[in-house]
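Residue numbers (the numbering used here), protein chains in the order written: chain U, 2 to 441; chain Z, 2 to 441; chain E, 2 to 441; chain A, 2 to 441. The block underneath contains the structure these notes are about, expressed in structure tokens.
Number of protein chains: 4
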Amino acid sequence: MTTDEIFFHGIPKIPYTPDAGLRDLLCFKHYNADEVLLGRKMEDWLRFSVCYWHSFCGTGADPFGFPTLQRAWNEGGAAMKTAKRRLHAAFEFFTKLGVKYYTFHDRDMAPEGATLEESNRNLDKITDLALQLQNKTGVKVLWVTCNLFAHPRYMNGASTNPDCHVLAYAGAQVKKGLEIAKKLGAQNFVFWGGREGFMSLHNTDVAAELRHMASFFKMAVAYKEKIGLQCQFLIEPKPKEPCKHQYDYDAMSVIGFLKHFGLDSHFKLNIEPNHTTLAGHSYEHDIVMASAFGMLGSVDSNTGSPDLGWDTDQFPMDIKNTTMVMKTVIEQGGLQPGGLNFDAKVRRESTDPEDLFIAHIGAMDAFARGLRNAVSIIEEGVISDMVKERYQSYSSGIGRRVDEGSASLEELEEFIKQNGEPKVTSGKQEKYETIFNHYL
Amino acid sequence: MTTDEIFFHGIPKIPYTPDAGLRDLLCFKHYNADEVLLGRKMEDWLRFSVCYWHSFCGTGADPFGFPTLQRAWNEGGAAMKTAKRRLHAAFEFFTKLGVKYYTFHDRDMAPEGATLEESNRNLDKITDLALQLQNKTGVKVLWVTCNLFAHPRYMNGASTNPDCHVLAYAGAQVKKGLEIAKKLGAQNFVFWGGREGFMSLHNTDVAAELRHMASFFKMAVAYKEKIGLQCQFLIEPKPKEPCKHQYDYDAMSVIGFLKHFGLDSHFKLNIEPNHTTLAGHSYEHDIVMASAFGMLGSVDSNTGSPDLGWDTDQFPMDIKNTTMVMKTVIEQGGLQPGGLNFDAKVRRESTDPEDLFIAHIGAMDAFARGLRNAVSIIEEGVISDMVKERYQSYSSGIGRRVDEGSASLEELEEFIKQNGEPKVTSGKQEKYETIFNHYL
Amino acid sequence: MTTDEIFFHGIPKIPYTPDAGLRDLLCFKHYNADEVLLGRKMEDWLRFSVCYWHSFCGTGADPFGFPTLQRAWNEGGAAMKTAKRRLHAAFEFFTKLGVKYYTFHDRDMAPEGATLEESNRNLDKITDLALQLQNKTGVKVLWVTCNLFAHPRYMNGASTNPDCHVLAYAGAQVKKGLEIAKKLGAQNFVFWGGREGFMSLHNTDVAAELRHMASFFKMAVAYKEKIGLQCQFLIEPKPKEPCKHQYDYDAMSVIGFLKHFGLDSHFKLNIEPNHTTLAGHSYEHDIVMASAFGMLGSVDSNTGSPDLGWDTDQFPMDIKNTTMVMKTVIEQGGLQPGGLNFDAKVRRESTDPEDLFIAHIGAMDAFARGLRNAVSIIEEGVISDMVKERYQSYSSGIGRRVDEGSASLEELEEFIKQNGEPKVTSGKQEKYETIFNHYL
Amino acid sequence: MTTDEIFFHGIPKIPYTPDAGLRDLLCFKHYNADEVLLGRKMEDWLRFSVCYWHSFCGTGADPFGFPTLQRAWNEGGAAMKTAKRRLHAAFEFFTKLGVKYYTFHDRDMAPEGATLEESNRNLDKITDLALQLQNKTGVKVLWVTCNLFAHPRYMNGASTNPDCHVLAYAGAQVKKGLEIAKKLGAQNFVFWGGREGFMSLHNTDVAAELRHMASFFKMAVAYKEKIGLQCQFLIEPKPKEPCKHQYDYDAMSVIGFLKHFGLDSHFKLNIEPNHTTLAGHSYEHDIVMASAFGMLGSVDSNTGSPDLGWDTDQFPMDIKNTTMVMKTVIEQGGLQPGGLNFDAKVRRESTDPEDLFIAHIGAMDAFARGLRNAVSIIEEGVISDMVKERYQSYSSGIGRRVDEGSASLEELEEFIKQNGEPKVTSGKQEKYETIFNHYL
């Protein structure tokens with residue numbers, strides 16, 4: 002096998018061709034990487050990233066069905082050889098798609114060995130090749146994460162395992178993950194606690210588990226600082242699945258946990274909207290809340306179906322949603338060093354190799370439309386003017402003192418004695434919705 | 002009208018009669034107030050409270066139907082006269098039921114006037130009578146709260162209203178509420194933010210609203226301290242309804258908010274399981290989480306149906322649930338100064354006056370059974386021994402250092418290099434469930 | 002009061018002004034009633050209808066708050082006088098908005114009296130005026146329905162009440178409703194069974210209640226035929242709320258019920274998407290299923306939020322949803338004699354009279370966009386060609402015999418013995434989604 | 002390998018030992034097979050069945066984790082050898098547990114071959130052994146089903162596949178399945194349509210798919226009759242997962258489908274409560290509805306968590322639920338030829354072989370308690386007397402004519418004119434709940 006080997010036969014580098022017909026989907030109709038909006042290139046607002054696990058390791062298996070996806074890079078050979086072939090395929094995909102970032106779990110990239118030492122050696126070898134390919138193509142690591150959930154040893158938790166021996170294994174794995182993050186220049190490092198929670202309260206000491214999880218994060222922070230790793234730590238909330246309950250339930254749960262244990266200055270959040278909707282919130286909710294608390298670090302740009310109760314990790318295709326997300330992202334000045342990572346998988350029925358391209362292109366176009374819409378909303382300022390007017394009472398007098406925290410109940414009572422009943426003010430939700438619709 | 006007036010004709014003081022037949026439900030079969038369990042009387046573990054709004058002001062109206070409940074104390078007369086009659090009826094009920102606490106909103110107890118001043122005068126008059134009746138009967142106020150959601154002025158929020166004039170009105174109302182709490186010796190004061198959230202993100206400045214809400218709480222804390230009010234402040238989380246999203250979504254959201262704004266030492270949580278299940282959690286979840294964070298202050302003991310998406314405020318009748326709640330309560334040493342407040346309403350179809358008794362009796366018996374079950378579980382120790390054994394690795398060696406927060410990733414790696422793969426340990430969920438069932 | 006009285010001061014007849022600025026929302030930017038698409042005028046595809054209850058009787062009260070909406074037509078005077086004033090206001094609204102249909106419950110239009118006879122006389126009088134206004138304006142009744150849920154007598158059910166006396170009352174009310182439908186030339190008659198279900202299985206005989214409900218429908222069919230009422234009977238499914246469970250849960254439940262009791266030829270369905278999503282389906286699901294079974298009669302065009310568990314009856318504003326609905330409507334050749342009824346209410350915070358216009362305009366524009374999109378999808382045929390190709394194996398050979406119902410398992414086995422394993426065919430969901438997006 | 006081989010070392014035949022201590026769970030404390038209740042033995046009311054797939058083929062893999070369960074019978078060797086070893090293990094389990102029925106999918110029992118012919122030969126061989134073991138032990142097949150969902154060929158549906166070639170394969174497989182059912186004396190044959198639905202409406206012709214599914218069922222009925230197979234056909238509803246939407250959504254959906262296509266006399270329903278709750282209903286809902294329509298054939302006795310949105314297939318442990326189920330079962334005279342099949346899996350963390358026993362024992366005891374409770378409820382008749390009284394108005398006069406379907410709206414109106422307003426009757430839900438609780 003050589004680096005010249007082609008895995009996606011007949012698929013060229015994806016062009017920006019806004020006027021292409023509908024039967025040809027191997028082109029962008031909206032995403033134009035170099036176009037400048039609000040002083041920044043589209044690609045810098047969007048910072049798209051391809052995920053390694055779904056797109057290169059995914060088999061199409063589901064809880065009721067066997068694998069459906071046959072990928073040239075996974076066919077035959079030893080595990081390490083397959084790992085290298087997969088990496089070449091991935092970089093071919095990244096460069097053809099024109100995406101500058103990728104994300105991976107340690108165990109996606111290199112196979113787990115019989116011992117920690119062997120796993121680490123495997124990871125060293127494959128990341129040597131990854132570094133070469135990064136240097137050759139200019140593609141970078143948006144974030145690395147450690148898979149602390151798939152191996153049977155983690156079935157009862159990693160940092161929250163009742164057996165400290167398992168926690169120790171997770172710690173050793175994270176230590177290596179941090180070293181790899183440094184080696185590859187990862188811009189972020191993600192913790193997703195898929196097994197950090199419980200299946201049953203009957204056998205669980207919640208307080209102890211939370212204490213151990215905090216202790217684990219503190220060790221990771223200490224080691225990151227020790228090795229001089231310059232990247233943002235991110236926690237990715239998810240309410241449930243695989244556990245019945247995960248401690249990192251949603252944005253506010255994680256914020257509460259981090260602040261309780263004094264960890265909040267070291268972490269931001271990686272928000273995945275498919276997790277947000279599983280927590281009973283609207284699509285954009287956790288993005289908005291995390292941003293309001295200054296904690297929005299990155300986004301796993303995917304979607305689920307609101308009528309389904311599990312993580313479907315679909316490609317995001319709803320223009321209203323992408324508009325809401327990009328409006329929040331612009332308002333906080335961008336996501337950097339985070340980005341929009343496609344933690345999304347083609348349906349198991351989407352078995353053609355071109356489907357992997359079509360899905361990413363469709364989602365990138367959906368976000369490009371969302372970005373354009375959000376830019377128009379912000380530039381025209383109709384909605385923001387209405388909102389500003391709505392809250393104007395806080396810009397002076399007693400409102401200002403409330404906003405600054407210097408008012409008292411006695412003052413408020415006195416104000417009412419002077420001014421009586423407030424006037425009725427319409428919230429005008431339908432007006433906002435109708436104006437918003439004009440931008441879609 | 003005199004205090005001798007009888008509203009519940011033919012219903013005597015409810016006796017403890019464990020062997021009564023099933024057709025007579027006007028007696029307790031399980032709740033025996035003076036019986037001592039684990040060194041404390043049943044009534045002191047349970048600290049039952051009747052809520053004023055559902056049980057004395059409720060009409061049976063629902064979003065699709067008109068009032069169904071005809072209550073003798075609400076029939077005819079001026080508002081203030083009705084308010085007094087209602088109070089007499091309530092104290093007749095409390096004493097016949099043998100419950101020692103009650104809870105109320107300012108506007109349940111006394112009618113809102115045309116001005117703040119008139120409302121305050123109304124409240125002064127009715128609470129004079131309440132104080133008399135408290136002294137006469139020994140019934141106490143578990144908690145007071147201000148109704149900052151029903152009046153149209155609060156439709157866009159109280160402390161999070163875009164118009165500071167409304168926030169000021171809410172502040173004036175809370176000031177009076179705190180004074181009333183002091184006058185009546187309330188053991189707690191609750192904030193439920195039914196309108197503190199949003200209906201639409203389009204017209205909402207989330208960060209500003211959160212800041213104003215925090216400012217509002219700080220003013221309440223300052224005034225409480227100023228007047229020397231000795232009671233526990235409680236926030237009651239609810240995820241949604243009436244708002245599309247409420248900031249006090251669930252226990253962890255409130256904890257995150259309180260810690261972010263430095264308010265956590267002044268508040269605990271009043272957990273209502275019907276709100277917990279609306280947030281997508283299991284019945285006991287927020288009680289367990291709040292307790293684990295040292296924040297469980299009181300419980301609104303009610304239930305919903307897990308297949309319904311709105312607040313039905315049903316009387317709690319599930320023995321498994323009451324057992325789980327009481328187990329947590331005992332483990333944290335009780336709820337005092339909080340209690341178990343029946344924030345529950347008889348169904349609008351339960352139109353007989355006796356239904357009000359039957360519902361409370363059924364729920365009190367359900368909690369009495371839950372308490373007995375939890376006491377047996379804790380006294381026999383089968384489950385707690387199994388849990389202790391499960392986490393024993395944290396009691397010495399590296400586990401202990403993790404628990405105390407003094408370990409490092411390097412140590413953990415070294416431990417794995419020495420000890421290799423952890424052994425597989427069954428979580429034994431079905432065993433725990435089966436043993437738990439034996440106590441029900 | 003005269004018919005010249007103006008309730009919506011300063012609001013003119015709504016024009017079609019596609020290039021109006023965003024700050025002026027009192028015009029249509031997409032809905033152009035007379036424009037012809039696929040051989041039919043927009044207004045004939047859409048058949049918009051305004052509902053009387055939310056838009057003219059709604060007060061803004063919710064389960065946690067008092068009325069917020071002050072409407073000129075509801076201010077002061079006796080019930081019958083208010084009813085007339087309300088009707089004038091409604092017709093002013095219909096004609097200014099340019100909507101040709103309206104819908105109402107018997108008890109919205111005229112107040113309930115102390116006896117059935119008085120209620121009927123009230124209804125006679127007010128519908129005399131309605132008939133005059135219909136004749137004067139050309140506005141027609143899309144459908145009438147009887148309110149068999151709001152009065153306390155119906156708290157335990159109407160046609161499913163355990164007390165036949167209540168069922169009899171409901172029957173008398175429906176008899177009158179059918180007569181009114183005939184008098185006003187209603188094109189449809191709707192049954193919504195908000196209390197036809199149960200709050201608890203413990204006190205319910207499900208089989209008996211279903212039998213009584215079927216008997217009730219049969220009586221309505223008989224009386225309709227007897228009086229020569231020419232209109233379509235419609236059942237409106239809703240899964241729950243106000244009941245814990247309603248027998249008309251969703252489209253398929255109603256179809257099952259109707260077929261079981263031999264009633265299916267007399268009824269079609271009135272689908273409300275906000276009810277569909279409460280049943281756990283996607284927005285368009287019941288519209289598609291009802292249409293596939295030949296049972297789609299009319300649509301209550303509204304929406305809820307997928308993250309909320311109760312009926313919010315919001316104005317439909319999602320272009321993707323309206324496109325999906327209109328695609329199905331066009332494919333079945335239209336909804337006539339049904340239509341798109343706005344069973345939607347302005348938010349209780351939308352207190353300005355203009356909000357009532359803005360909400361309808363926004364929703365009508367959303368459906369006009371949906372219609373245009375659906376027409377483009379159908380005219381261009383890209384998607385339908387792909388679907389046709391996908392199912393082509395059923396157009397000949399063994400596939401055709403399966404489609405016609407004439408194949409056997411033996412033949413199928415023989416086919417496999419001859420032809421072996423089927424080939425893998427991608428479902429191409431992301432391709433369909435991406436193409437669909439291009440039409441939005 | 003011989004039939005003497007022991008897979009569950011050290012675990013004896015499970016005794017009925019009601020007074021055993023809590024630390025020993027390898028005994029029944031409630032289930033006493035031969036005890037007679039209401040004239041029938043416990044084992045005949047309960048007709049327990051063990052499922053083959055979860056308990057003998059399950060690996061503990063979940064969407065986020067690798068297998069955790071190491072089973073002696075799955076270790077090493079060729080597929081056919083493993084299949085035989087697994088069968089011996091299963092029969093050892095059945096007999097030690099004292100369960101008289103089992104259920105299986107064709108592909109659980111024998112491995113799929115490279116061709117249909119090879120798969121059929123595999124099935125012939127293994128079922129020869131199964132027949133031997135059945136005859137030797139007296140254990141019988143409760144039901145057989147064909148796995149038409151796991152193989153990649155079925156990814157787009159089996160009988161609803163857009164490619165008739167796939168439907169043909171499914172038909173060939175069902176033909177063989179019916180022959181096997183006859184050979185083994187299966188008492189029922191189940192169809193679960195896990196892939197009979199859609200992932201996206203965009204690429205789906207719903208009407209065609211429903212037509213093909215009906216055609217498929219008709220072929221199965223024809224072949225069943227042709228070969229003289231005496232067993233009950235059952236359809237098992239599930240709302241979603243793996244599809245976004247499955248046509249057999251819930252009991253009423255299936256009833257509607259069957260009646261529409263004239264298939265209802267040939268099928269009953271196999272209700273799985275974990276599917277029912279995923280459809281948004283309460284646990285017992287579909288069992289009650291199916292029974293009310295005369296369509297309840299069998300029960301997959303398991304549970305999920307109401308706060309989770311996917312199929313967890315947990316062992317049923319809730320006494321309230323088992324009581325409700327058994328009450329319905331007794332009221333319809335039993336489930337025969339159906340039964341209570343444990344379509345449940347031990348948690349992937351429950352890795353000890355004894356956990357498989359403990360889980361079944363715990364669930365069997367939970368159902369034994371439910372049975373005893375239901376028998377007490379029915380024998381004492383307190384609740385049924387109250388219900389009978391509640392509906393008494395239908396036993397004579399106009400009520401009786403309504404019940405029989407011979408009344409008219411005119412009569413009802415006349416009745417109201419004579420009798421006026423009905424009286425208010427309390428539904429007394431809390432009274433029913435409290436009485437019900439006394440039986441738990």
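Glycine residues also receive a C-beta, built at the ideal position from the N, C-alpha and C atoms.
**OP:** Run down chain U in chain order and give the residues with a C-beta less than 8 Å from the C-beta of residue 416 of chain Z.
**Re:** 166, 169, 173
Subject >> beta strand (DSSP E) segment containing residue 333 of chain Z, residue limits >> reply: Note, residue 333 of chain Z: premise wrong, no beta strand (DSSP E); not H, not E.
Original post:
What residue range is occupied by the uninterrupted beta strand (DSSP E) comprising residue 301 of chain U?
Top reply: 297–301
Original post:
For the candidate residues A:39, A:436, A:245, A:309, whose alpha-carbon lies nearest to that of residue 201 of chain U?
Top reply: A:309
Original post:
Which class does residue 409 of chain Z belong to by DSSP, given the choice of helix, strand or coil?
Top reply: coil
Original post:
Going by the CB atoms, is the gap between residue 195 of chain A and residue 65 of chain U shorter than 7 Å?
Top reply: yes
Original post:
How should residue 428 of chain A be labelled, buried or exposed, when 16 other C-beta atoms within 10 angstroms of its C-beta is the threshold for buried?
Top reply: buried
Subject >> Between the CA atoms of residue 164 of chain U and residue 395 of chain Z - distance to the nearest angstrom >> reply: 8 Å
Original post:
Name the chain E residues that come within less than 7 Å of residue 384 of chain A, Cβ to Cβ?
Top reply: 203
**OP:** Go to residue 174 of chain U, then tell me how far its alpha helix (DSSP H) extends in each direction, as first and last residue.
**Re:** 165–185
Original post:
If you pair each beta-carbon of the segment 271–286 of chain Z with each one of the segment 210–220 of chain E, do three or more pairs fall below 8 Å?
Top reply: no
Original post:
Using the C-alpha atoms, what's the distance from residue 23 of chain Z back to residue 387 of chain A?
Top reply: 12 Å
Subject >> 9 Å Cβ cut-off: residues of chain A touching residue 73 of chain Z >> reply: Residues of chain A passing the Cβ test: none, with the nearest at roughly 15 Å.
**OP:** Verify the CB distance criterion: does residue 253 of chain Z have a CB-CB separation below 7 Å to chain U?
**Re:** yes
Original post:
Where residue 77 of chain U and residue 384 of chain E are concerned, what is the direct C-alpha to C-alpha distance, given to the nearest angstrom?
Top reply: 37 Å
Original post:
Looking at chain U, which residues of the segment 105–129 of chain Z have a Cβ within less than 8 Å of any of its Cβ atoms?
Top reply: 116, 117, 118
**OP:** Assign residue 315 of chain Z to buried or exposed, taking buried as 16 or more other Cβ atoms, counted over all protein chains shown, within 10 Å of its Cβ.
**Re:** buried
**OP:** Spell out whether any CB of chain A is found under 7 Å from the CB atom of residue 311 of chain U.
**Re:** yes
Original post:
What is the C-beta distance between residue 93 of chain E and residue 9 of chain E, in whole angstroms, given that I count them as a contact (C-beta under 8 Å)?
Top reply: 6 Å
Original post:
In whole angstroms, what is the alpha-carbon distance linking residue 286 of chain E and residue 123 of chain A?
Top reply: 42 Å
**OP:** Return the CA-CA distance between residue 31 of chain U and residue 151 of chain U, expressed in angstroms with no decimal places.
**Re:** 37 Å
Original post:
Which residues in chain Z sit within 9 Å of residue 1 of chain E, going by Cβ to Cβ distance?
Top reply: What is shown of chain E runs 2 to 441, which leaves residue 1 of chain E out entirely.
**OP:** Starting from residue 426 of chain Z, find everything on chain U with Cβ-Cβ shorter than 8 Å and list it in chain order.
**Re:** 157, 163, 164
Original post:
Using a Cβ-Cβ cut-off of 7 Å (strictly less than) and excluding sequence neighbours within five positions of residue 241 of chain Z, which residues of its own chain qualify?
Top reply: 247, 279
Subject >> Three-state secondary structure (DSSP) of residue 2 of chain E >> reply: Residue placement at residue 2 of chain E cannot be trusted, given a pLDDT of 43 that sits under 50; the coordinates are not used to answer.
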